Amino acid sequence: MALRLYNTLTRSIEPFEPAQAGKVSMYVCGMTPSFHPHLGHARTFLTFDVLLRHLRASGYDVTYVRNVTDIDDRIIDRAAKEGVPWDQVVTRYLDEFEECAKLLGLLEPTFSPRATREMPQIVELIERLQARGVAYETSDGVYFSVEKDPEYGSLSRRNLDELRAGERIAVREEKRDPLDFALWKKAKPGEPTWPSPWGPGRPGWHIECSAMCRRYLGDRFDLHGGAMDLIFPHHENEVAQTETATGLRPMARYWMHAGLLNVDGQKMSKSLGNFVPMKELLQRYPAAAVRYQFLQTGYRKPSNYTTTALEGAAKGLRGLYDELDAVRASAGDGVPHSEGLVAADAFDAFLDDDLNTAGALGWLQTAVREAKAAAISDPASAHANVAVIERCLGILGLPATALAAGWTAPRGVVLDPAHRDTLRALAGDGQLDGAALIDKIIELREEARTKKNFAASDRLRDALTAAGVEVKDKKAGDGGRGVDGP
RNA sequence: GGCGACAUAGCCAAGUGGUAAGGCAGGGGUCUGCAAAACCCCCAUCCCCAGUUCGAAUCUGGGUGUCGCCUCCA
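At position 117 of the first sequence (counting the first as 1) the number is 565 in the numbering used here, and the numbers step up by one without a gap.
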C-alpha cells in the first residue's frame, strides 16, 4: 500500500512520490500572530501533524517547514489599536500559539523561520522579479504584474477576467492592474521598517513564504500545505512569484489544503461572536479530545464545531482508553505472542488513502474491542495487541493513556459557591473546599453505605452529582471508587 | 454576478458499483440496595427527481438546500 493524496494542483487523488526517494520536503503556512490563535488553526496544523507522523512512520525522512509571518498589516493595525510596539503583539500571540501547540502535541517543525529574519532573501527575490520584468515600482511599493505570468490562476483555477469581474474595491490607481499585488510596501511614518533598494519598508504578504520555501527547501520541493482559504490569493501569488523568479515549475509537486472550520454552522469570526480561541478551549477539554474530534472528520471536508460534538468525541476517546487499559491489565503473565491478533495493516491503509483519519479511528475502536475480547480467551495476546494499538495512537498523535491525555482526578476543582455550601453543610465542616471537601463527602458516603444507610448515601451522591462530580462505584471486591469531573 | 465544496440515523461521521464502519446519545437485558461501571442485544437504505447498469449512497443529467471563495483569514 502506498500513500495517495489529493492534490489541489490537479484536483485529483494521486500517488505520492517525492522527488528524491525516501525524502520528503514539506512547507506549511503557519501563523500570522496578530490575534489569538483559534480552533481553525488547530485543525489545519493537526492535519499536517498527522501527515508528518504518517510519513515518518512510513520511513520517509521528512524536512518540515512551518513558517511564522511575523510582520504584516494586521499586526501593525493591532499594535496601533493597543498602542504597543508591533513586536510585542507578535510575541504575545506567538507564545500563546506555542503553548497550544505543545498541549496539542504538534511535532516541532524542522525549521520554523520568521519573515523578519529572512529579509535578505526576500529582497533578493524581489530584485530577481524586477530583473525579469514582472515587477514594477510605484510611489508606495513594488508590485507583481499578474499579466506577465501566463500561468497565473492555475492553482486556484481562475482566470484574470473572472477575477477582475469580481473586483469590488476601488483600486489604487498606481497599480497597473487591480490584481497586481504588493511585493514590498514602502513604510508610512511610524511603521516598522527594514532597508531595501526601494527604501525602508516591509514585505508584502506572500513574498515571505516564497522566500522561505526557497531558502529551506529549494526552488522546487515536494509538498506545500495550508488551509483552503489560502489557495487564493496567497498560494496563487506564491506560485506566481516563485515560478516566475526561478523559471521552474511547479514549485511544489503536491498542494494540500485543509478544510475550513465553522462554528455552530457559521464561519468563525470575531464579529459573529463565535470566535473560539484555541487556548480557552484547551483549558476546558483535554487536548487529545480536540485532536480526536478533528481526526474524526476528513481533513478536506468542512467541519462544524459544536460543544456537543466535542463532548461526544471526548467520551469516545475516553472509552477507547478504558478498553485499552483493560487489555493492558490482562497482559500480565503468560508467554507473549510475538505478533498481535490485531494487525495494523488496515490502519495504515486508511492513512495511505488520502489521510482517512476518520476511517482509521473507526478501525482503532474496533481493534481495541477485539483486543479486549482476545485478552480474555488468550491473555498472551494482550502484549502484542497493546503494542499495535499504541503505535496507531502514536501515528495519530494521540497519547497512549487517558492519564497522559490529561484525564486526571479533579485535584484542582473549583466548586461553585452554592454547591460548595451544600457540601459543607453535609460534611458538617465549614472550612473544607475543593478536592478535600469532595473527598470528605465520599468518605461519609462510604460509611453510610457500609451501614446500609442507603438514603443517606444517595443524598450525598446526589449532592456531588449536582456539583458536577460523578461517583462511580466499582464492583464489590475491587475496592475503591472512581471520581470523574467536573 | 462568477467560481467551488458539501448534503449518510437525534448528533459527529467512514464508505466512489454489489445490498450502509466507528463514536456520542437513545432503547432492551444481565449484574447491582439504587445509580454507575462492565458485558450482551437493538437502533439509517444514504436531500429530491430522472437516467445508465443485472445491480448505485457510490456514475450521468436536472433540481433543492447549506457553507465558502472572488477583500483579510488556518
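Backbone N, C-alpha and C fix where the C-beta goes; we use that ideal spot for every residue, glycine too.
A quick note: this is a predicted structure, and the numbers were derived from the prediction, not measured.
Practice item. Could you tell me how far apart the beta carbons of A450 and D670 are, in whole angstroms, since I believe they sit closer than 8 Å? Key: One-based indexing of the first sequence puts residue 450 at position 2. One-based indexing of the first sequence puts residue 670 at position 222. Not really, about 15 Å apart at Cβ, beyond 8 Å.
Check your understanding: Rounded to a whole number of angstroms, what is the C-alpha to C-alpha distance between R697 and T755?
Key -> If you number the first sequence from 1, residue 697 lands on position 249. If you number the first sequence from 1, residue 755 lands on position 307. Those two C-alpha atoms are separated by around 44 Å.
Practice item. Using the Cα positions of N432 and D801, report the straight-line distance between them to the nearest angstrom. Key: Given a span of 449 to 934 for the chain in the structure shown, any question on residue 432 remains unanswerable.
Check your understanding: In this structure, does DSSP put R650 in helix, strand or coil?
Key -> In the first sequence, the residue the question calls residue 650 occupies position 202. Correct three-state label for R650: strand.
**Study point:** Distance between V513 and A659 (C-alpha atoms, nearest Å)
**Key:** The residue labelled residue 659 in the question sits at position 211 within the first sequence. The residue labelled residue 513 in the question sits at position 65 within the first sequence. Taking the straight line joining both Cα atoms gives about 12 Å.
Exercise for review: Using three-state DSSP, classify Y591 as helix, strand or coil.
Suggested key: Here residue 591 corresponds to residue number 143 of the first sequence, with the count starting at 1. The answer is strand: DSSP assigns Y591 an E or B state.
Point to revise | Own chain partners of G927 with C-beta closer than 7 Å, once the 5 adjacent residues on each side are dropped | key: Indexing the first sequence from 1 puts residue 927 at position 479. With a pLDDT of 30 at G927, under the threshold of 50, the modelled position of that residue is not reliable, and the figure given next carries that caveat. Cβ contact annotation for G927 (same chain, cutoff 7 Å, sequence separation greater than five): none.
Practice item. Apply the 10 Å Cβ neighbour rule to D543 and answer buried if 16 or more other Cβ atoms are within range, or exposed otherwise. Key: Here the question's residue 543 lines up with position 95 in the first sequence. The residue is exposed, with fewer than 16 neighbouring Cβ atoms inside 10 Å.
Check your understanding: Given 8 Å as the limit, is there contact between the stretch 743-763 and the stretch 564-582, that is, 3 or more CB pairs closer than that?
Key -> Not touching, per the Cβ criterion.
Point to revise | 8 Å Cβ cutoff met for P651 and A635 | key: Locating residue 651 in the first sequence gives position 203, where the first residue counts as 1. Locating residue 635 in the first sequence gives position 187, where the first residue counts as 1. Contact flag unset, no.
Check your understanding: Considering S602, what are the terminal residues of the beta strand (DSSP E) in which it resides?
Key -> For the purposes of this step, residue 602 is taken as residue 154 along the first sequence, with counting starting at 1. DSSP places S602 outside any beta strand (DSSP E), giving it a letter other than H or E.
Exercise for review: Please look up how many angstroms separate the CB atoms of I837 and L799, rounded, as I've assumed it's under 8 Å.
Suggested key: Walking along the first sequence from the start, residue 837 turns up at place 389. Walking along the first sequence from the start, residue 799 turns up at place 351. Here I837 is actually not in contact with L799; their C-beta atoms are around 15 Å apart, not less than 8 Å.
Review point. Helix, strand or coil: how does DSSP classify M942 here?
Key: Only positions 449 to 934 of the chain appear in the structure, and residue 942 is not among them; the question remains open.
Point to revise | One or two residues paired with V417 in a DSSP bridge | key: Because the chain in this structure spans residues 449 to 934, residue 417 falls outside the shown range and cannot be described.
Check your understanding: Should T870 be listed as close to the ligand COA, given that the test is whether its C-beta is under 7 Å from any heavy atom?
Key -> Ligands in the displayed structure: none, and consequently the ligand COA is not present.
Exercise for review: Would you kindly report the start and end of the unbroken beta strand (DSSP E) that includes I679?
Suggested key: Position 231 of the first sequence holds residue 679. Run containing I679: none; DSSP gives neither H nor E here.
Check your understanding: Are the beta-carbon atoms of Y769 and A850 separated by less than 8 Å?
Key -> Against the first sequence, residue 769 aligns to sequence position 321. Against the first sequence, residue 850 aligns to sequence position 402. Yes, the pair counts as a contact, with Cβ atoms nearer than the cut-off.
Point to revise | Residues near L551 by beta carbon distance below 6 Å, same chain, minus five either side | key: The residue labelled residue 551 in the question sits at position 103 within the first sequence. Correct list, in chain order: L730, A735.
Review point. Between L494, S506, E462, L487, which lies nearest to K471 when the distance is taken from Cα to Cα?
Key: Position 23 of the first sequence, counted from the first residue, corresponds to residue 471. Measuring from the Cα of K471, the nearest candidate turns out to be S506.
Practice item. With DSSP as the reference, label E895 as helix, strand or coil. Key: As a working note, residue 895 is residue 447 in the first sequence. Under the three-state reduction of DSSP output, E895 falls in the helix class.
Practice item. With a cut-off of 8 Å on the beta carbons, I'd call E656 and A527 a contact; round off their distance for me. Key: Here residue 656 refers to the residue found at position 208 of the first sequence. Here residue 527 refers to the residue found at position 79 of the first sequence. Rounded, the Cβ-Cβ distance is 18 Å, inconsistent with contact.
Exercise for review: Return helix, strand or coil for I461, following the three-state DSSP convention.
Suggested key: Position 13 of the first sequence holds residue 461. Under the three-state reduction of DSSP output, I461 falls in the strand class.
**Study point:** Start and end residues, alpha helix (DSSP H) containing Y584
**Key:** Numbered from its first residue, the first sequence carries residue 584 at position 136. Segment 583-585 is the beta strand (DSSP E) holding Y584; no alpha helix (DSSP H) there.
Exercise for review: Could you spell out the range, first to last residue, of the alpha helix (DSSP H) harbouring K820?
Suggested key: Sequence index remark: in the first sequence, residue 820 carries index 372 (1-based). Taken as a continuous stretch (DSSP letters only), the alpha helix (DSSP H) holding K820 covers 805-825.
Point to revise | Buried or exposed by the 16-neighbour rule on C-beta atoms within 10 Å, applied to R909 | key: On the first sequence, residue 909 is found 461 positions in, with the first residue counted as 1. Buried, because 16 or more other Cβ atoms sit within 10 Å of the Cβ of R909.
Practice item. Within the same chain, show all residues whose beta-carbon is closer than 6 Å to that of T898, passing over the 5 residues directly before and after it, in chain order. Key: Taking the first residue of the first sequence as 1, we reach residue 898 at position 450. There are no such residues.
Point to revise | Contacting residues, own chain, Cβ-Cβ under 8 Å from L841 (five flanking each side not counted) | key: Taking the first residue of the first sequence as 1, we reach residue 841 at position 393. For L841, where only same-chain residues beyond five positions count, the Cβ hits under 8 Å are L812, P847, A848.
Exercise for review: Please report how far the alpha carbon of P561 lies from the alpha carbon of F592, in whole angstroms.
Suggested key: Locating residue 561 in the first sequence gives position 113, counting from the first residue. Locating residue 592 in the first sequence gives position 144, counting from the first residue. Roughly 24 Å separates the two Cα atoms.
Point to revise | Selected residue, minimal CA-CA separation from F629, among R504, W642, W653 | key: Position 181 of the first sequence, counted from the start, is the residue given in the question as residue 629. Checking every option, the nearest Cα to that of F629 belongs to W653.
Check your understanding: Count the other CB atoms within 10 Å of the CB of P637; is the residue buried (16 or more) or exposed (fewer)?
Key -> Position 189 of the first sequence, counting from 1, holds the residue named residue 637. Under this definition P637 is an exposed residue.
Check your understanding: Which residues in the same chain have their Cβ closer than 7 Å to the Cβ of R859, if we skip the five residues on either side of it in sequence?
Key -> Taking the first residue of the first sequence as 1, we reach residue 859 at position 411. At R859, the pLDDT of 49 sits below 50, so the modelled position is not reliable and the matter cannot be decided from this model.
Check your understanding: Is the number of C-beta pairs between the stretch 673-683 and the stretch 530-543 that are closer than 8 Å three or more?
Key -> Result no; under three Cβ-Cβ pairs closer than 8 Å.
Point to revise | For D921, the nearest candidate out of P645, K623, R893, K749 (CA to CA) | key: Taking the first residue of the first sequence as position 1, residue 921 is located at position 473. The shortest CA-to-CA distance from D921 to any of P645, K623, R893, K749 is the one to R893.
Check your understanding: CB-CB under 6 Å to R662, same chain, minus the five flanking residues each way: which ones, in chain order?
Key -> Indexing the first sequence from 1 puts residue 662 at position 214. Correct list: empty, nothing qualifies.
Practice item. Measure the alpha-carbon distance for I886 versus K727 and round it to whole angstroms. Key: Residue numbering aside, residue 886 sits at position 438 when the first sequence is read from its first letter. Residue numbering aside, residue 727 sits at position 279 when the first sequence is read from its first letter. C-alpha separation (whole angstroms): 28 Å.
Review point. When burial is assigned at 16 or more other CB atoms within 10 Å of the CB, is D509 buried or exposed?
Key: Looking up residue 509 in the first sequence gives position 61. Answer is exposed; the Cβ neighbour count stays below 16.
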